[in-house]
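A quick write-up on the structure given underneath.
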Amino acid sequence: MDRKLILYIAMSLDGYIAKKDDNIDFLNMVEVPNEDYGYADFLQGIDTVIWGRKTFDKVLSFGGELPHQDKEVFVISRTRKRKNGHIQYHDNVVDLVKNLKNKKGKDIYCDGGAEIVSELLQNSLFDTVIVSVIPHLLGDGIRLFKEGNIEQNLQFKRAISYPSGLVQLWYEVKKENP
Ligand SMILES: NC(=O)c1ccc[n+]([C@@H]2O[C@H](COP(=O)([O-])OP(=O)(O)OC[C@H]3O[C@@H](n4cnc5c(N)ncnc54)[C@H](OP(=O)(O)O)[C@@H]3O)[C@@H](O)[C@H]2O)c1
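Everything in the sequence shown is counted per the numbering used here, starting at 145 for the first residue and increasing by one.
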């Protein structure tokens, strides 16, 4: 099946996606008018989005209309069940991704957070990893890649550096038995 699970996420140079209190203000420093770092193009190839529940709550806290209204959106949670608009809750991200990969469709975008990423890494389910490295040392916070994940080999595809200092790294995940 050639439907891919893609991790597309931003981290500080020292490997954090947020402060421990979920503050993500460090991302603001790369906000530049008319620069989306390829995000709109990336979304063209996506029809499904996966958020961890805490990431979803962060998105909710921004207010306004939720993004990805045109896509199938799953929020991974053990505690929430009921469908909420275009948001569907699911309690098993591994089963969900395996099922989605067996269906026809565009690629699947995992936006994080780290708990969900960890679960997907442990089960070797990512096909592509796109990390935007922010030129900042956060010092402490929520690590993108938790300790204890299984070892996996990546194939470097490209690096794009932007005037803001953001460097976007693209990798394919090498599969043992493709
Ligand atoms: N820098 C970036 O690009 C970026 C991207 C994404 C997120 N973030 C930030 O990352 C932070 C959130 O990351 P996080 O790692 O703390 O949380 P997360 O992965 O977004 O969500 C964790 C929640 O997911 C559910 N969950 C986790 N494992 C599960 C499993 N095995 N089965 C069922 N449900 C499971 C649980 O929800 P319940 O408690 O409801 O059961 C858990 O509390 C936020 O601050 C967000 O803003 C940053």
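Positions of the beta carbon are idealized from the N, C-alpha and C atoms, including for glycine.
Residue interval of the alpha helix (DSSP H) (run including lysine 202) | If you number the sequence shown from 1, residue 202 lands on position 58. Where lysine 202 is concerned, the enclosing alpha helix (DSSP H) stretches over 197 to 205.
Using the beta-carbon count (16 or more within 10 Å), is aspartate 180 buried or exposed?
-> As a working mapping, residue 180 is identified with position 36 in the sequence shown. When all chains shown are included, aspartate 180 counts as exposed.
Measure the C-alpha to C-alpha separation of phenylalanine 200 and phenylalanine 206 and round it to an integer number of angstroms.
-> As a working mapping, residue 200 is identified with position 56 in the sequence shown. As a working mapping, residue 206 is identified with position 62 in the sequence shown. Roughly 10 Å separates the two Cα atoms.
Bounding residues of the alpha helix (DSSP H) (the contiguous stretch that carries serine 262) | Residue mapping note: residue 262 aligns to position 118 of the sequence shown, counting from 1. Per DSSP, serine 262 belongs to the alpha helix (DSSP H) from 258 to 266.
Glutamine 312, DSSP secondary structure in three states | Within the sequence shown, residue 312 is the residue found at index 168, counting from 1. Of the three classes helix, strand and coil, the one that applies to glutamine 312 here is strand, per DSSP.
Should isoleucine 161 be counted as a contact of ligand 1 given a C-beta to heavy atom distance under 7 Å?
-> Translated into the one-based positions of the sequence shown, residue 161 becomes position 17. Result yes, Cβ under 7 Å from ligand 1.
Taking Cβ positions, are tyrosine 253 and tyrosine 152 nearer each other than 8 Å?
-> As a position in the sequence shown, residue 253 is number 109, starting the count at 1. As a position in the sequence shown, residue 152 is number 8, starting the count at 1. Contact: yes.
DSSP three-state assignment for glutamine 188, whether helix, strand or coil | Working through the sequence shown from its first residue, we reach residue 188 at position 44. Per DSSP, reduced to three states, the secondary structure at glutamine 188 is helical.
Selected residue, minimal CA-CA separation from glycine 249, among Arg224, Met155, Ile190 | Position 105 of the sequence shown, counted from the first residue, corresponds to residue 249. Selected option, being the one with the closest Cα: Ile190.
How big is the Cα-Cα spacing for glutamate 320 and serine 262?
-> As a working mapping, residue 320 is identified with position 176 in the sequence shown. As a working mapping, residue 262 is identified with position 118 in the sequence shown. Taking the straight line from one Cα to the other gives about 19 Å.
Would you say the beta carbon of arginine 226 comes nearer than 7 Å to a heavy atom of ligand 1?
-> As a position in the sequence shown, residue 226 is number 82, starting the count at 1. It does not: the Cβ of arginine 226 is nowhere closer than 7 Å to a heavy atom of ligand 1.
Exposed unless 16 or more other CB atoms sit within 10 angstroms - verdict on valine 176 = Along the sequence shown, read from residue 1 onward, the residue named residue 176 stands at position 32. Valine 176 is exposed by the Cβ-count criterion.
Do tryptophan 195 and valine 219 come within 8 Å of each other at the CB atom, strictly closer than that value?
-> Sequence index remark: in the sequence shown, residue 219 carries index 75 (1-based). Sequence index remark: in the sequence shown, residue 195 carries index 51 (1-based). Pairing valine 219 with tryptophan 195 gives a Cβ-Cβ distance under 8 Å.
Leucine 298 - partner residues in DSSP beta bridges = Against the sequence shown, residue 298 aligns to sequence position 154. DSSP output for leucine 298 lists Val317 as bridge partner(s).
Hey, glycine 296 and serine 268: beta-carbon distance below 8 Å or not?
-> Against the sequence shown, residue 296 aligns to sequence position 152. Against the sequence shown, residue 268 aligns to sequence position 124. The sequence given here places glutamine at residue 296; glycine does not occur at that position. Their beta carbons are under 8 Å apart, which means glutamine 296 touches serine 268 by this criterion.
Since valine 317 and aspartate 271 are thought to touch, with beta carbons under 8 Å apart, how far apart are those beta carbons, to the nearest angstrom?
-> Here residue 317 refers to the residue found at position 173 when the sequence shown is read from its first residue. Here residue 271 refers to the residue found at position 127 when the sequence shown is read from its first residue. Yes, they are in contact, since the Cβ atoms of valine 317 and aspartate 271 sit about 6 Å apart, within 8 Å.
For aspartate 220, the residue or residues it bridges with in DSSP | One-based indexing of the sequence shown puts residue 220 at position 76. Here the sequence assigns isoleucine to residue 220, which means aspartate is not the residue at that position. Answer by DSSP bridge pairing, in chain order: Gly196, His234.
Pairwise C-alpha distance: aspartate 158 and isoleucine 124 = Only positions 145 to 322 of the chain appear in this structure, which leaves residue 124 out of reach.
Sorry if obvious, but does the Cβ on methionine 155 come closer than 7 Å to a heavy atom of ligand 1?
-> Reading the sequence shown from its first residue, position 11 is the one you call residue 155. True, at least one ligand heavy atom lies under 7 Å from that Cβ.
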